[in-house]
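*Asks:*
As structure tokens, this is what we get:
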């Protein structure tokens, strides 16, 4: 180590891998940190570590919202935390660019040792409509959003009388039968069924909760007997388990299945797709299925003093030769190993090869039941659930969290579950939507609050004509817009629209539209002309005289 | 009462007034409800009742987020809840239009008795920049937003080195020295000072918390001795109390005071302005300063079977002849009185006139101190705080809430306060901003993520030229846009911009901009031409040859 310059260690990622690297470094290098010979930095999108196994319980509210997460500053008090988004990584120069914060200046960080622990990211690419209409389930914000969404669906169902719309509102679909999908569907099922009791106009038999799984048995990570136990239990509690079924796409109103079937639903959760973190995807280093290849010491071959741990890295177990699975238990051990090896390379001592055998696997099934395989022992039911809680309580970092969660759980045994809906997010003014072929976008007489612009696909405009039924007025394609008459003029749709093909559409709400039109003269002119044209024009069908084809 | 038709009672508003009207009606009309002779409906924006006195504690996290609110469905199990926004009220026909929910159909409700309990709304109208840059403090979402905002400011300050920017990030301003302003500033002060200890690069002396108050002494609602006690205590704890000072406006970086002074701050909370609810403002009935005039039975004169309670109504006390103040204690009693009178008019019995003398007034000062005036007794310090907690705990509706809050408070005495920042809201893609004259909007070399459109005001574009310093290139006015070169081309600003006058500007982020340009051909053409023109044009000053005036 150079005595006259501070050695900088920079860790990217605030998940289990990154935080445990920092924690371990703080312990191993206590003396050097005190003398100022070493600086540890950690970059994280959020200023807390999310304890993912407990996320499903946020949905049902059995754990306080803040209790599943631990502030990184408290866990790693000697580490400089940068709560920013990473824009680029230069592996050769070990230089990292962080996105601008409150101001508009980016931040550049350079270091002597770079540890990459960026995990993976939710990616819905390739399945039409999932980006727009499926709910991810990875971060705390996702769990909160799902909770609010489910409550909103119940609120609407309580006052909705139209049968198809009611069915969609009261159907909840979770895609993915792995650990996270099963835990999510178990909690969601418990939650909506217990919350529905507070809604006067919703019958328990109206609620439908569906789990989609691509394989023939859920929980492929577990031994068959445990997976069968879990599957039976979910079914007994009212979850409809659809095996050998994949999610192919989604619209705002339905989940589209691979076999061509559709399930009417307003709540679709996808726990399946996780692609590489976009920043990791840009790196030029050798990768395997998007994961950074490492050597047995967790170094990235071909670069100097660059390390990788956690879900973003391909790490071969030195004992078994198998790749380490993407679990928190492994990320924690990988973080510790990387920290030890960084310290060893600073001190010139020997590095160690990574090896770790999982202690066990556990999945909560909600309602005081779980499945677990620990040290080769198979457990299910209440005992497994008790073990699940105890182990996770012990693993939860920080004594204050442990106390809070223990209290939450105790209260939860006694008190009814919460049904308040937290609306913290402001209205989104511009959003993308996906429609499958033949789907109604809006109907004549509807209230019109959105202007639509077609990105891809075709849309048909039609109108009811007395004595002739529904008459097609015109076809619109990419670059065309519709819905402007109701938005710019009165509030009611003067025609109906439906997609002729699969269509991607940009929807702009009234406020955003007003703001744009009032400031952008070319846009105002464009819509002025369009409105004139459409309001004054005759429909294509000659027989229907005097009907405007605007919408 | 007609025996062969259901009598419908509709309550508008889910605050204390509305919820207590429903609660009392459920009790008084138990028999009629069971027989189906009567239906009670309640319309509320949120599906919960917010317990406002405890909102400040959400900021510091000493109460669980969900524990300051109570689900209306649980409080009023026999009432039909409509969780929708109200669009219009027809008083003559007692007909209410609700905004569309998940679908696009509005809902029309008609009733035999209409109770209006819509409270008031935050209104920043008339003060430039407040809508864009001040944080309101009325709903639970506001408290959460303030909490996140304060933590974000600390996060940014921890890594920011530029002194002015640091000052702004570490200065927290609350406008309004009434109960809600004082309680908010007390909790905010406690919270940022205790949270800052977890930030390695923030010194306690750098934090500044300011309370602006228009009068000569805070808490005008209380006797002078108590107000003085509170004021001294706040000052002792480090709050800078600025008396006889009004907030005149705001920008993203500063609070503008009435005397022309400015305080650099990134966190400005305004608790002052509350205007009438927009739906109430549209009503044609007689009003006094925006409040609906009522008779002594809480009926709205001139209309049949229309009632009004709470902050939206002007209610004269039958005993004192004074108008009832807008407090929760009064709203609760007014709700009960209206319910009794509705029941009396259904049964043909005598109605009672409203009269209620407040039991007392209390304000929490955080940190185990408060001020209170109860039954003429003046209390301050710990005793008042203990009383404050006890009284509010008793008032909190629902036993489960009482238990949860009691547990929260107990844990809070033992455990450190939380510093996690919950980012639940998605990025806003279009936002309005306000700049005062002479303010820099962005600087050459900055990272550019926004496109700007001028609504009102003038903006100057300038560029650094070697040997000549900063050279003005062009002036822009309403309808002009700027920032497009950095946004559409590379990422760095090629010139600087500043406002010449007070300016209102619409800012569009990269994603929204891309979406709009890819779907709106006239917009794409417009920007294409603009870009060509600005990139190729010569600046207005002849001496600066070869410099593009684009930004």
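Chains as they are written, first to last, in the working numbering: chain A, 680 to 1230; chain B, 680 to 1230. We put the beta carbon where it would ideally sit given N, CA and C, even for glycine.
Is residue 769/A helix, strand or coil when you go by DSSP?
*Replies:* Strand, per DSSP.
*Asks:* Go ahead and label residue 804/A buried or exposed: buried means 16 or more other beta carbons lie within 10 angstroms of its beta carbon, across all protein chains shown.
*Replies:* That one is exposed.
*Asks:* Can you confirm whether residue 1109/B, when its beta carbon is compared against all beta carbons of chain C, has any partner nearer than 8 angstroms?
*Replies:* Reference to chain C is not applicable here, since the protein chains of this structure are A and B.
*Asks:* What residues from the segment 860–885 of chain B come within 8 angstroms of chain A, judged by C-beta to C-beta, listed N to C?
*Replies:* Hits within the stretch, in order: 877, 878, 879, 880.
*Asks:* Taking just the CA atoms, how far does residue 761/B sit from residue 723/B?
*Replies:* The alpha-carbon atoms of residue 723/B and residue 761/B are separated by roughly 6 angstroms.
*Asks:* Does DSSP put residue 984/B in a helix, a strand or coil?
*Replies:* Three-state DSSP puts residue 984/B in coil, outside helix and strand.
*Asks:* Considering just the uninterrupted stretch of the beta strand (DSSP E) at residue 1188/A, what are its terminal residues?
*Replies:* 1182–1188 is the extent of the beta strand (DSSP E) around residue 1188/A.
*Asks:* With DSSP as the reference, identify every bridge partner of residue 735/A, one or two as the case may be.
*Replies:* Bridge partners of residue 735/A: none, in fact.
*Asks:* In the segment 1120–1132 of chain A, which residues sit with their C-beta less than 9 angstroms from some C-beta in chain B, listed in chain order?
*Replies:* Cβ contacts with chain B: 1121, 1122, 1124, 1125, 1126, 1127, 1128, 1129, 1132.
*Asks:* Which of the three DSSP states, helix, strand or coil, is assigned to residue 883/A?
*Replies:* The answer is helix: DSSP assigns residue 883/A an H, G or I state.
*Asks:* Nearest by alpha-carbon distance to residue 756/B: which of 726/B, 774/B, 779/B is it?
*Replies:* Of the listed residues, the one whose Cα sits closest to residue 756/B is 726/B.
*Asks:* State the beta-bridge partners of residue 1141/B as determined by DSSP.
*Replies:* DSSP lists 1151/B, 1175/B as partners of residue 1141/B.
*Asks:* Tell me whether the segment 972–982 of chain B and the segment 1022–1040 of chain B touch, counting them as touching only if at least three CB pairs, one residue from each stretch, are closer than 8 angstroms.
*Replies:* Yes: the two stretches touch, three or more of their Cβ pairs being nearer than 8 angstroms.
*Asks:* Please confirm whether residue 761/B has its beta-carbon closer than 8 angstroms to some beta-carbon of chain A.
*Replies:* Yes, its Cβ sits closer than 8 angstroms to a Cβ of chain A.
*Asks:* Restricting to runs no shorter than 4 residues, where is the alpha helix (DSSP H) found entirely within the segment 694–739 of chain A?
*Replies:* List check, alpha helix (DSSP H) in window: 695–707, 709–713, 734–739.
*Asks:* Out of 859/B, 861/B, 888/B, state which residue places its alpha-carbon closest to the alpha-carbon of residue 873/B.
*Replies:* Comparing Cα-Cα distances from residue 873/B to each of 859/B, 861/B, 888/B, the minimum goes to 888/B.
*Asks:* Buried or exposed: residue 821/B, going by 16 or more other Cβ atoms within 10 Å of its Cβ?
*Replies:* Classification for residue 821/B: buried.
*Asks:* By DSSP, does residue 1020/B sit in helix, in strand, or in coil?
*Replies:* Reduced to three states, the DSSP call for residue 1020/B is helix.
*Asks:* Can you tell me whether DSSP reads residue 1163/A as helix, strand or coil?
*Replies:* Reduced to three states, the DSSP call for residue 1163/A is helix.
*Asks:* Which same chain residues, not among the five before or five after residue 1223/A, have their C-beta less than 6 angstroms away from its C-beta?
*Replies:* Because the pLDDT of residue 1223/A is 29, which lies under 50, any placement of that residue in the model is unreliable, and the question is left without a value.
*Asks:* Considering only DSSP beta bridges, list what residue 789/B is partnered with.
*Replies:* In the DSSP output, where bridge partners are listed per residue, residue 789/B has 774/B.
*Asks:* Using a beta-carbon distance below 8 angstroms, is residue 1212/B in contact with chain A?
*Replies:* No, because no Cβ of chain A sits closer than 8 angstroms to the Cβ of residue 1212/B.
*Asks:* What runs of the alpha helix (DSSP H), each 4 residues or longer, lie entirely inside the segment 885–928 of chain A?
*Replies:* Segments of the alpha helix (DSSP H) lying fully in the segment 885–928 of chain A: 903–915.
*Asks:* At 3 residues or longer, what runs of the beta strand (DSSP E) sit wholly inside the segment 1002–1067 of chain B?
*Replies:* Qualifying beta strand (DSSP E) stretches, in chain order: 1039–1043, 1049–1053, 1056–1060.
*Asks:* Hey, which unbroken runs of the alpha helix (DSSP H) at 4 residues or more fall wholly within the segment 842–878 of chain B?
*Replies:* The qualifying runs are 842–848, 858–875.
*Asks:* Just by C-beta distance, which residues in the segment 1028–1060 of chain B are closer than 9 angstroms to chain A?
*Replies:* So the list is empty, because no residue satisfies the distance condition.
*Asks:* Residues of the segment 976–999 of chain A with a CB closer than 8 angstroms to any CB of chain B: list them in chain order, please.
*Replies:* The residues in question: there are none.
*Asks:* How do the segment 900–912 of chain B and the segment 1057–1066 of chain B stand: do at least 3 beta-carbon pairs fall below 8 angstroms, yes or no?
*Replies:* A contact exists between the segment 900–912 of chain B and the segment 1057–1066 of chain B.
*Asks:* Considering just the uninterrupted stretch of the alpha helix (DSSP H) at residue 753/B, what are its terminal residues?
*Replies:* That run of the alpha helix (DSSP H) goes 751–754.
*Asks:* Would a check of beta-carbon distances place residue 838/B closer than 8 angstroms to chain A?
*Replies:* Yes, contact with chain A.
*Asks:* Is residue 697/A close to chain B? Criterion is C-beta to C-beta, closer than 8 angstroms.
*Replies:* Chain B contact via Cβ: absent.
*Asks:* Ends of the beta strand (DSSP E) at residue 1112/B?
*Replies:* First-last of the beta strand (DSSP E) with residue 1112/B: 1109–1114.
*Asks:* Check whether the segment 826–845 of chain B and the segment 772–790 of chain A touch, using three or more Cβ-Cβ pairs below 8 angstroms as the test.
*Replies:* Judged by Cβ distances under 8 angstroms, the segment 826–845 of chain B makes contact with the segment 772–790 of chain A, as three or more pairs qualify.
*Asks:* Which bits of chain B does residue 780/A rub up against, with CB to CB less than 7 angstroms?
*Replies:* 835, listed in chain order.
*Asks:* Suppose the cutoff is 7 angstroms on Cβ atoms and the five residues either side in sequence are ignored; what does the same chain contact list for residue 993/B look like?
*Replies:* Cβ within range, chain order: 967, 970, 971, 972, 973, 1002.
*Asks:* Note down, in chain order, every chain A residue with its Cβ under 8 angstroms from the Cβ of residue 830/B.
*Replies:* Ordered by position in chain A, the residues that pass the 8 angstroms Cβ test against residue 830/B are 726.
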